[in-house]
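Undergrad: Here it is: the structure, laid out below.
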Amino acid sequence: MRGSVMDQEFQVQEICESIIVTCNDAGEELDDDGKPRRTGNKWTASAHIITAIIGSGVLSLAWSMAQLGWIIGVGTLLSFSCITYYTSALLADCYRCPNSLTGKRNYTYKDSVRSYLGENMHKACGFVQCIFLSGSTIGYTITASISMVAIRESNCYHKQGHEASCKYSSNWYILGVGIAEIFVSQIPNFHKLSWLSMVAALMSFTYASIGLALAFTKVISGEGGRTSLTGTEIGLDLTKTDKIWSMFRAIGDMAFACAYSPILIEIQDTLRSSPPENKVMKKANGIAVLTSTSFYLMCGCFGYAAFGNNAPGNLLTGFGFYEPFWLIDLANLCIVVHLLGAYQISFDRYYPSLYSAQSRHGSEQSGPNPNL
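Residue numbers for the sequence shown follow my numbering, so the first one is 335 and each next one is one higher.
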């Protein structure tokens, strides 16, 4: 019985595909699933990935390196990058099911989980994904507001001196960022966000490069801090318990900085059908992981070399640097623009799920339409 039902489903799918092909022959720009033709390539996909993973957290890697030291710090970062590339390559083959080249498309991460692992795992992973994305977007909002406050504080320090009390609340800035996200979220189609990813990726390169350049300048000027192979040392100011806690936190920061699996399938769904999406996505993964790892290593290592074991939590907002103030302002402005884009890239494909759930809830509340 189950086999006959599956045969009927495959027949229906073949009929739908033949209709779609006929429509394409008639000149309509549709893909094999009847949706508007996708136009993404490895460069747009890698831009989406870079936008999502190279966040302002790259500026805190100097602190992570200070907790772990040269050996464990560099080794941990390289290990997580390799794990990320390997797992993302596996996940790229899950975009279509059951065949990775000709199978049915999975439009979201949750769809892929359902196709391969079943309904129960679909619900469990969907719940975890929702928490992950919600936490990420909240972090984006708070971090963007901190960078906006940092611009105001940088100007204050420049005018009144580095010893001045320049502390401001970020509450109104958080509200402003949230309102801005509401307007940006009105972009109707994830496939139309390529330009936003390009801009956001450019911003991430800009502020990361500024942080890297300032740290490099500090190192070559001979003002670098004291470093060690094992990082911060246990003593009067650091207990053994605090050291262990800081190490685990640093490892978690590095792992989080490399992860983007919850949005990989959504990004892959923007790619054109030919060449095969999984092969293009693997190339995009390689470009993005290589680029992000290079920036992570440079920012983390040069930041650690510049400040030593006293590295701040953020090179640009923790005021490891005060001058040139206009360059600090520019870098923080780039962080704000980048996080506005990263918010949308990370959460845009989750909006349809929320809308459909709200629609189902509304239909259940209103009941059947008596006029039908």
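The beta-carbon is built from N, C-alpha and C at its ideal position, and this holds for glycine as well.
#1: With a cut-off of 8 Å, do at least 3 Cβ pairs link the stretch 579 to 586 to the stretch 396 to 403?
#2: Just the C-alpha distance for Gly-545 and Ser-422, rounded to the nearest angstrom, thanks.
#3: By DSSP, does Pro-432 sit in helix, in strand, or in coil?
#4: Could you tell me the alpha carbon to alpha carbon distance between Tyr-507 and Cys-500, rounded to whole angstroms?
#5: I need the straight-line Cα distance from Ser-488 to Cys-431, nearest angstrom please.
#6: Helix, strand or coil for Pro-370? Go by DSSP, reduced to three states.
#7: Three or more C-beta pairs closer than 8 Å, one from the stretch 403 to 420 and one from the stretch 626 to 643: is that the case here?
#8: Under three-state DSSP, which class holds Arg-302?
#9: Is DSSP giving Arg-583 helix, strand or coil here?
#10: If I measure Cβ to Cβ from Ser-543 and keep anything under 7 Å in the same chain, skipping five residues before and after, which residues do I get?
#11: Can you check whether the CB of Cys-459 is closer than 9 Å to the CB of Lys-444?
#12: Would you call Thr-436 buried or exposed, if buried means 16 or more other Cβ atoms sit within 10 Å of its Cβ?
#13: With a cut-off of 8 Å, do at least 3 Cβ pairs link the stretch 585 to 600 to the stretch 378 to 398?
#14: Rounded to a whole number of angstroms, what is the C-alpha to C-alpha distance between Ser-380 and Asn-612?
#15: Rounded to whole angstroms, what is the Cα-Cα separation between Cys-490 and Leu-650?
#16: Please report the straight-line C-alpha distance between Val-614 and Leu-605, rounded to a whole angstrom.
#17: Counting beta carbon pairs with one atom in the stretch 638 to 646 and one in the stretch 468 to 485, are three or more of them shorter than 8 Å?
#18: Is Gly-620 closer than 9 Å to Tyr-419 when the C-beta atoms are compared?
#19: Determine, using beta carbons only, whether Thr-378 and Ala-534 come nearer to each other than 9 Å.
#20: For Ala-618 versus Ile-601, is the C-beta spacing smaller than 9 Å?
#21: Please report how far the alpha carbon of Lys-574 lies from the alpha carbon of Lys-493, in whole angstroms.
#22: Go ahead and label Phe-655 buried or exposed: buried means 16 or more other beta carbons lie within 10 angstroms of its beta carbon, across all protein chains shown.
#23: What residue from Glu-497, Val-483, Ala-549 and Ile-388 has the CA that sits closest to Val-511's CA?
#24: Are there 16 or more other CB atoms within 10 angstroms of the CB of Lys-552, so buried, or fewer, so exposed?
#25: Given a threshold of 16 other Cβ atoms within 10 Å of its Cβ, counted over all protein chains shown, does Tyr-502 qualify as buried or as exposed?
#26: Does DSSP put Cys-438 in a helix, in a strand, or in coil?
#27: Tell me whether Leu-624 sits in a helix, a strand or coil according to DSSP, three-state version.
#28: What's the C-alpha gap between Pro-610 and Ser-562?
#29: Is Leu-563 helix, strand or coil when you go by DSSP?
#30: Should Cys-668 go down as buried or exposed, given a rule of 16 or more other Cβ atoms within 10 Å for buried?
#31: Expressed to the nearest angstrom, what Euclidean distance is found between the alpha-carbon atoms of Asn-648 and Asp-587?
#32: With distances taken from CA atoms, which of Leu-424, Leu-364 and His-496 is nearest Gly-652?
#33: When the Cα atoms are used, what is the spatial distance from Leu-536 to Ala-676?
#34: How many whole angstroms separate the CB atoms of Ser-504 and Ile-480, which I take to be in contact at a CB cut-off of 8 Å?
#35: When DSSP builds the beta bridges, which residues end up paired with Leu-649?
#36: Starting from Ile-568, trace the alpha helix (DSSP H) both ways and give me its first and last residue.
TA: Let me spell this out:
#1: yes
#2: 28 Å
#3: coil
#4: 16 Å
#5: 52 Å
#6: strand
#7: yes
#8: The requested residue 302 does not occur in the structure, where the chain is confined to residues 335 to 706.
#9: helix
#10: none
#11: yes
#12: exposed
#13: yes
#14: 13 Å
#15: 15 Å
#16: 8 Å
#17: no
#18: yes
#19: no
#20: yes
#21: 41 Å
#22: buried
#23: Val-483
#24: buried
#25: exposed
#26: First, the residue type needs correcting, since residue 438 is Lys and not Cys in the sequence shown. Looking at Lys-438 - three-state DSSP - the assignment turns out to be strand.
#27: helix
#28: 47 Å
#29: coil
#30: buried
#31: 12 Å
#32: His-496
#33: 12 Å
#34: 6 Å
#35: DSSP, once it has assigned bridges, lists no residue as partnering Leu-649.
#36: No alpha helix (DSSP H) holds Ile-568; DSSP gives it neither H nor E.
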